[in-house]
Amino acid sequence: MTMTSTAKQPSAFGNIARSNTAVGLFFMLPAAVFLLCFLTYPLGLGVWLGFTDATIGRDGIFIGLENYQALARDSVFWMAVYNTVFYTLIASILKFGFGLWLALILNEHLPFKSFFRAIILLPWVVPTVLSALAFWWIYDAQFSIISWSLMQLGWIDGPINFLGDPNNARASVIAANVWRGIPFVAISLLAGLQTIPQSLHEAASLDGATGWQRFRFITLPMLTPIIAVVMTFSVLFTFTDFQLIYVLTKGGPVNATHLMATLSFQRGIPGGQLGEGAAIAVAMIPFLLASILFSFFGLQRRKWQQGGQD
Amino acid sequence: MASVEFADVRKSFGTHPVIKGVDIEIADGEFVILVGPSGCGKSTLLRMLAGLENISAGEIRIGGQVVNGLAPKERDIAMVFQNYALYPHMTVADNMAFSLTLKGAPKSEIDKRVKPAAEILGLTHLLDRFPRQLSGGQRQRVAMGRAIVRDPQVFLFDEPLSNLDAKLRVAMRAEIKELHQRLKTTTVYVTHDQIEAMTMADKIVVMHDGLVEQIGAPLELYDQPANLFVASFIGSPAMNMIKGKLDPNDTQKFITDNGVVLPVAKAPESAKGRALIYGLRPEHMTIANGGIPAEVVVIEPTGSETQMIMRVGGDLITGVFHQRINARPDEIVGLSIHAEATYLFDAETGKRLV
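Chains as they are written, first to last, in the numbering used here: chain A, 6 to 315; chain B, 9 to 362.
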């Protein structure tokens with residue numbers, strides 16, 4: 006009682022300083038500024054440009070949905086959409102399959118296990134452009150080591166036209182992407198595998214489970230949450246892939262490997278049509294949102310993972 | 009149900025031997041407890057019986073059949089793990105039914121086996137829950153339920169109670185014992201807690217450093233420990249051990265290194281002149297006028313009994329008395345030792361002489 010009567014009336018600033026909410030907001034300010042400058046502004050600018058006829062060197066004016074209407078009639082754009090979906094789907098499935106397989110192998114007791122785990126990461130660590138250049142050589146029309154080896158074996162007569170034929174080119178870029186993407190999936194799933202207690206496998210084998218049944222009934226269900234996260238990221242990375250395609254094919258031949266990202270860049274920067282390029286990039290957002298929502302709702306925490314009541 | 013035999017079983021991890029030749033015979037329907045300090049190899053032995061560790065040498069037989077080369081699932085045994093190892097993504101019912109599901113048993117048969125097991129363990133109302141939603145004791149029961157549903161030849165328990173609190177542990181101890189009396193399935197149980205071993209087992213196997221120290225019924229081990237290790241391991245509070253020698257002129261007198269004379273019932277002549285250890289259980293002494301003078305160090309009344317740590321000569325002796333004692337620290341009391349209940353061990357080999 007005496008304390009309050011003798012204490013000075015707090016100033017307005019003191020009041021604010023004492024309020025937890027105000028202090029909390031104050032501490033969030035740097036992060037908020039950072040996000041606004043480097044995330045919200047570029048994204049907002051991209052969306053805005055999509056509604057203008059801006060070209061390089063000219064601001065452009067608001068033209069509503071004209072860019073999108075033009076894209077809807079643009080067969081190259083639809084080709085790029087098809088390519089992107091196809092590329093993402095096939096590459097993700099392959100990355101998941103090989104990644105899981107590799108993770109399962111690395112989870113066994115192998116000699117030099119940590120060495121293998123380290124080198125597995127290499128494809129992911131190497132800069133994309135560098136590995137893309139390597140693949141460029143591997144896929145070279147004349148000097149391809151694959152063609153050369155197969156010719157030496159006598160299996161084929163002439164070099165394979167890896168990047169010149171539309172279907173070959175698609176398969177080639179997918180293979181390169183899969184090679185780059187496997188380590189991420191494998192190492193993440195390996196981390197997930199290691200969280201499964203050994204005693205569960207032992208209990209299951211005592212319960213009469215075969216190796217396949219242990220995988221099917223123990224490993225896979227317990228790995229689902231991590232698979233969901235890993236594959237969401239993998240799909241997002243693949244869907245927005247740019248560097249690999251740009252180095253290997255630049256979208257060719259005849260747009261067969263153009264992804265939405267490469268088409269957007271090509272139209273927007275070398276082509277100078279900023280508005281149209283931005284519109285193509287914005288058109289990727291619904292696809293990305295859909296995949297995020299799918300993993301959020303479809304694969305979110307299962308009932309068994311939720312905490313108990315006691 | 010089946011008998012279990014270990015014949016000169018050995019196990020090494022690399023060059024490091026952990027089981028150094030173990031022979032145990034377990035009769036059909038027996039409840040056997042492997043007990044010993046951590047690192048003595050008891051869990052490894054159990055895991056070898058389960059088929060989770062391979063056997064470096066020797067034979068393990070279940071029901072007369074050598075199982076060395078059999079996979080765990082071919083041995084028809086069920087195991088309760090220390091951490092329960094319940095499948096977290098399955099309900100209690102699915103956990104218990106897992107082995108039947110794997111065999112492709114029809115729903116009706118699964119129900120017929122799971123329901124009675126759940127009833128025995130009081131789990132009926134929890135069948136739809138997930139392991140996360142259960143308390144420690146309930147999880148323990150589900151793990152046992154999973155074993156019961158299997159109706160195996162042998163039950164294995166690997167320190168099943170060590171994750172429970174003290175009170176629950178006592179309750180589950182009784183429950184497991186009752187379960188065994190009801191099912192009469194051969195059971196091998198591993199623990200480091202000698203009280204668990206004493207209260208539950210038909211037969212106790214005391215292990216130490218990869219070897220069997222002694223096998224016997226609980227009271228047999230308590231009354232006739234083969235050596236110092238068993239004597240100090242079984243019984244709580246632990247047996248008092250005092251270094252000294254026999255009186256050269258009187259085999260009924262033991263003289264401690266500190267010069268105190270303690271009574272011995274009848275020591276063999278051969279014990280004379282050797283370095284000995286005198287074993288005295290805390291409960292085999294009373295307070296009496298004219299006894300051996302003992303200085304009270306700590307007194308711990310628990311209500312039903314009184315524990316007292318006393319200094320006799322220079323040695324500390326723990327006593328348990330079934331009477332209330334009005335002594336204070338530093339006070340001198342008279343200690344009367346029941347000579348016929350004392351032990352003598354060879355100080356060098358650790359073997360019991362008397």
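C-beta atoms are modelled at their ideal positions from N, C-alpha and C, and glycine is treated no differently.
- Around A/P226, the beta-carbon contacts reaching into chain B at under 7 angstroms are H97.
- Secondary structure of B/G298 (DSSP, three-state): strand.
- Here DSSP, grouped into helix, strand and coil, assigns A/A284 to helix.
- Between B/H292 and B/H330, the CB-CB gap reaches or exceeds 8 angstroms.
- In the DSSP assignment, A/P188 falls outside any beta strand (DSSP E) and within the unbroken alpha helix (DSSP H) covering 171–199.
- Within chain B, no residue has its beta carbon less than 8 angstroms from that of A/S177; the closest one is some 40 angstroms off.
- For A/M236, same chain residues with a beta-carbon under 8 angstroms away, outside a window of 5 residues either side, are S97, F101, V190, S300 in chain order.
- Annotated as distal: B/I317 and B/I333, with beta-carbon spacing of 8 angstroms or more.
- When A/S177, A/I231, A/P164 are compared, the shortest CA-CA separation from A/I95 is found for A/S177.
- At the C-beta level, B/I27 and B/L53 come within 8 angstroms of one another.
- The Cβ atoms of A/T57 and A/F67 sit closer than 8 angstroms to each other.
- A/P116 is outside the set of residues whose beta carbon lies under 8 angstroms from a beta carbon in chain B.
- If you compare the alpha carbons of B/R282, B/G49, B/D102, B/S344 with that of B/R18, the shortest gap goes to B/G49.
- Distance from the CA atom of A/F292 to the CA atom of A/V252, rounded to whole angstroms, is 24 angstroms.
- Restricting attention to B/H216, B/G327, B/F241, the CA atom closest to the CA of B/I203 is found in B/F241.
- Residues of the segment 80–97 of chain B that bring their beta carbon within less than 7 angstroms of a beta carbon in chain A comprise P80, K81, I85, A86, M87, F89, N91, A93, Y95, P96, H97, in sequence order.
- Sixteen is the threshold: when 16 or more other Cβ atoms of the shown chains lie within 10 Å of the Cβ of A/A266, as they do, the residue is buried.
- Residues are counted here when their Cβ sits less than 7 angstroms from a Cβ of chain A; for the segment 103–119 of chain B these are F106, S107, L110, K111, given in chain order.
- Under DSSP, B/H216 forms a beta bridge with B/L219.
- Look at A/E207: its C-beta is under 8 angstroms from a C-beta on chain B.
- Legend: CB atoms of the segment 48–62 of chain B lying less than 9 angstroms from CB atoms of chain A belong to residues R55, A58, G59, L60.
- By the C-beta criterion, the segment 263–283 of chain A is judged not to be in contact with the segment 26–43 of chain B, since fewer than 3 inter-stretch pairs fall below 8 angstroms.
- Contact check between the segment 151–162 of chain B and the segment 123–134 of chain B: three or more CB pairs, one atom from each, fall below 8 angstroms, which counts as touching.
- Straight-line measurement puts the Cα of B/Y95 at about 8 angstroms from the Cα of B/P139.
- For A/A266, the uninterrupted alpha helix (DSSP H) run begins and ends at 265–273, by DSSP.
- Against A/Q199, chain B offers no close residue; the least beta-carbon distance is about 16 angstroms (beta-carbon pairs closer than 7 angstroms).
- By the 16-neighbour rule on beta-carbons within 10 angstroms, B/H133 is exposed.
- Around the beta carbon of B/A283, a 10 Å sphere encloses fewer than 16 other beta carbons of the protein chains shown; the residue is thus reported as exposed.
- In the three-state scheme derived from DSSP, where H, G and I count as helix and E and B as strand, B/Q161 is classed as coil.
- Nearest CB-CB separation between A/I125 and chain B: not below the 8 angstroms threshold.
- Around the beta-carbon of A/W153, fewer than 16 other beta-carbon atoms lie within 10 Å, marking it exposed.
- Excluding sequence positions up to five before and after B/G144, its CB lies within less than 8 angstroms of the CB of N171, L172, D173, L176, all in the same chain and listed in chain order.
- Excluding sequence positions up to five before and after B/A65, its CB lies within less than 6 angstroms of the CB of R18, all in the same chain and listed in chain order.
- Here B/K274 is actually not in contact with B/P256; their C-beta atoms are around 16 angstroms apart, not less than 8 angstroms.
- In this structure, DSSP gives B/H188 a helical state, which the three-state scheme calls helix.
- Interface flag for A/Q157 against chain B is unset, since no Cβ pair is found closer than 8 angstroms.
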